[in-house]
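Start counting the sequence shown at 81; every next residue gets the next number (our numbering).
Note that beta-carbon positions come from the ideal geometry of N, C-alpha and C, so glycine has one too.
Predicted model only: the values in this text are computed from it and were never measured.
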Amino acid sequence: MLPKRKLTIAGAAIGGLFVLYAGSSYWAGVKAEDTLQEQYRMLSGLPLFKVKSHSYERGWFSSTETTELVFNRHLSGPYENMLPDNMKPLLNSTIKFTNHVQHGPLPGLSSFDLRPGRALVKTEFAMSDATRKTLKTFFGDKEPITIVNHIGLRGGGLLDVNVPAFDYEEALSGVKMKWKGFDLKVDYSHNYQEYKTEALSPGFLLEASSKGAVSFDGVHYASDTRLGATGVKLGTSELTIGGVQLTSRESMPYSIKLNELIYLMTRVRVGEFVNPSGEFKPSSVALKNFSYQIVTSEQDDFVNTRGKVNFAELSFNDRRYGPMRLDVSANHLHGPTLVKLDKAIGAIPFEGVDPAVLRKQYIDTIKKNAVPLLENNPKLLINEFYLKMPTGEAKLQGSLGINGLQSADLNDITLLAKRIEAEAKLSLPRQTLEDLVLAQARNLFTVDHTAEDQPNMQEVDDLAKSLLDSQLAQWKNDGYLLEDNGQISTELKYDAHGLTIHQKKVPLPWQEEAEPAGDASAPAAEPVKPAAKK
81 MLPKRKLTIA GAAIGGLFVL YAGSSYWAGV KAEDTLQEQY RMLSGLPLFK
131 VKSHSYERGW FSSTETTELV FNRHLSGPYE NMLPDNMKPL LNSTIKFTNH
181 VQHGPLPGLS SFDLRPGRAL VKTEFAMSDA TRKTLKTFFG DKEPITIVNH
231 IGLRGGGLLD VNVPAFDYEE ALSGVKMKWK GFDLKVDYSH NYQEYKTEAL
281 SPGFLLEASS KGAVSFDGVH YASDTRLGAT GVKLGTSELT IGGVQLTSRE
331 SMPYSIKLNE LIYLMTRVRV GEFVNPSGEF KPSSVALKNF SYQIVTSEQD
381 DFVNTRGKVN FAELSFNDRR YGPMRLDVSA NHLHGPTLVK LDKAIGAIPF
431 EGVDPAVLRK QYIDTIKKNA VPLLENNPKL LINEFYLKMP TGEAKLQGSL
481 GINGLQSADL NDITLLAKRI EAEAKLSLPR QTLEDLVLAQ ARNLFTVDHT
531 AEDQPNMQEV DDLAKSLLDS QLAQWKNDGY LLEDNGQIST ELKYDAHGLT
581 IHQKKVPLPW QEEAEPAGDA SAPAAEPVKP AAKK
């Protein structure tokens, strides 16, 4: 009887453990779905893809999540002509993937992974025979992408993404592709309140013998992000690129729709720009040792952010630029207002809305929600800008702030102007300034590239140079700027007391009554007006 009783107790214990494990697995499945839904929300917000369908089927010990994506062709369109012909059909295909979710408390038990957690998620990509055949050309028998997501008991987890390396070559067309792989790790907390990201792409080469080549190497990205008390995301992010090279062996037409690019990336309609178009001549461009760093911190209700961008050298054919250093800050930004403004802009419906109506909605939303930003003394600083160019050095330091603004000041342009404080020190080569003026003059006079009667560009250049020489001569004589060995420099200061340029006071419109009627010392001299009209 005793052995039978022991067997009964053991059976009951095993049954109790099974019930406990089954119950905890179901609970883990419910919680895992919450985490995966948050990840899906983030994925659907990316501009690179559009969501075609999405479903989630939760079971007791396992669940299945299926998503279908398509590429946003508006984003990839300008670069598709350099891809191999057998790779272009991939851009028309649907990306369908299934997340196979094994629930906790030991979700990886079947694969001898004894880490406790809510779920172990492995992603499987469904592909057509044609797509799989195309990818096999590049990756062989290796999976094109592997994604494993271990969701911990508290809702955080570790996401691993890997794309293997490959070498590809077409002997007839002369197309070569060398991809050195990609690795991504995201260590995240519950609801992404905090997360660390690290991505590494050692290098890539795409070479088309008749068109040119594109390559990069040493791409590394790292970030450490957390949600602040005001709701603003705080932390650091850093990107370094060892080098980028672009070689074009034939002329390529280009037409850059800046407004459409901003819309794709931010969903904000900003209206029409003077969208540049023309032709890239055969050329060679190289960028060496590029990096950027952004640090965002919080003090009470205010947010401070600082960004640095650097590169060692940028070469365009035989012209060399660099090193370049840019260090900018935005301080004392009211955090709750930033969050409120972001939510208000994100809530504006944009699909099928007339661009003019949409622009008005954005402007009205900013007017309604952004006033506290201006009332809390924000300040923008250019801590350093330095660029070495073939013609000299460009340097800029400055700041722009608003001090003591009240909402009523927005209704009086004079009061608003007196709340603004600005300082700047600028130095740049005269040749660079001349190049900018000539480029702007050509844009103003060349409205339609297809028109039969085109203006004489030499006459346009001569007129622009003449006006610039005259204006610079007057400003130098009046003491508003200095020129030394082809380098032009000046400084300005503006506050409630007025504007000074190179320590010389410049009358402003609301101060003109106090100035002598015949005063012609201001740098906004008459000779520049005809240039603006033409």
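- DSSP assignment within the segment 382 to 457 yields the following whole alpha helix (DSSP H) runs of 4 residues or more, N-terminal first: 415 to 426, 435 to 449, 451 to 455.
- Between the segment 185 to 197 and the segment 217 to 226, the count of Cβ pairs shorter than 8 Å is below three; the stretches do not touch.
- The secondary-structure analysis by DSSP pairs Thr203 across a beta bridge with Asn179.
- Here His414 is buried: its Cβ has 16 or more other Cβ atoms, across all protein chains shown, within 10 Å.
- Boundaries of the alpha helix (DSSP H) harbouring Asn557: 537 to 557, taken from the DSSP string.
- Between the C-alpha atoms of Val586 and Leu579 there is a straight-line separation of about 5 Å.
- Secondary structure at Val312: coil, using DSSP grouped into helix, strand and coil.
- Runs of the alpha helix (DSSP H) lying entirely within the segment 230 to 265 and spanning at least 4 residues: none are present.
- For the pair Ser295 and Gln325, the CB atoms are nearer than the 7 Å cut-off.
- Taking a cut-off of 8 Å on C-beta distances, the segment 457 to 468 does not touch the segment 436 to 444, as fewer than three cross pairs fall below it.
- For Ala210, the enclosing alpha helix (DSSP H) covers residues 209 to 219.
- Contact check between the segment 512 to 527 and the segment 541 to 555: three or more CB pairs, one atom from each, fall below 8 Å, which counts as touching.
- Residue environment: Phe192 is assigned as exposed (fewer than 16 neighbouring CB atoms within 10 Å of its CB, all protein chains considered).
- According to the DSSP assignment, Thr471 belongs to no alpha helix (DSSP H), since it is labelled neither H nor E.
- In the three-state DSSP reduction, Phe525 falls in the helix class (H, G or I).
- Where Lys368 is concerned, the enclosing beta strand (DSSP E) starts and stops at 363 to 379.
- Phe396 is not a Cβ neighbour of Phe370, given a cutoff of 7 Å.
- Restricting attention to Tyr301, Leu239, Thr316, the CA atom closest to the CA of Gly322 is found in Tyr301.
- Per the C-alpha coordinates, the member of Pro429, Tyr275, Ala424 positioned closest to Lys447 is Ala424.
- Residue pairing by DSSP places Val586 opposite Leu579 in a beta bridge.
- One alpha carbon belongs to Thr512, the other to Leu394, and they sit about 16 Å apart.
- Of the other Cβ atoms in all chains shown, 16 or more fall within 10 Å of the Cβ of Arg499; this residue is therefore buried.
- A distance below 7 Å separates the beta carbons of Lys111 and Arg198.
- Counting along the chain, the unbroken beta strand (DSSP E) around Lys276 starts and ends at 274 to 288.
- If you look at Ala504, you'll find it in the beta strand (DSSP E) that goes 500 to 509.
- Rounded to whole angstroms, the gap between the alpha carbons of Arg386 and Asp422 is 19 Å.
- Residues of the same chain with a CB within less than 7 Å of the CB of Glu137, apart from the 5 flanking positions on each side, are Ser143, Thr144 in chain order.
- Per the C-alpha coordinates, the member of Leu495, Gly481, Lys505 positioned closest to Ser487 is Leu495.
- The beta-bridge partner set that DSSP reports for Leu128 is empty.
- The three-state reading of DSSP puts Asn483 in coil, since its state is none of H, G, I, E or B.
- Counting along the chain, the unbroken beta strand (DSSP E) around Ser295 starts and ends at 292 to 307.
- Note that the C-beta distance between Leu314 and Tyr372 is not below 7 Å.
- Around the beta carbon of Val437, fewer than 16 other beta carbons lie within 10 angstroms, which makes this residue exposed.
- Taking the Cβ atoms as the reference, Lys265 lies roughly 6 Å from Asp240, within the contact range of under 8 Å.
- If the five residues before and after Pro196 are omitted, its C-beta is found closer than 7 Å to the C-beta atoms of Gly184, Pro185, Leu186, Leu233, all from its own chain and listed in chain order.
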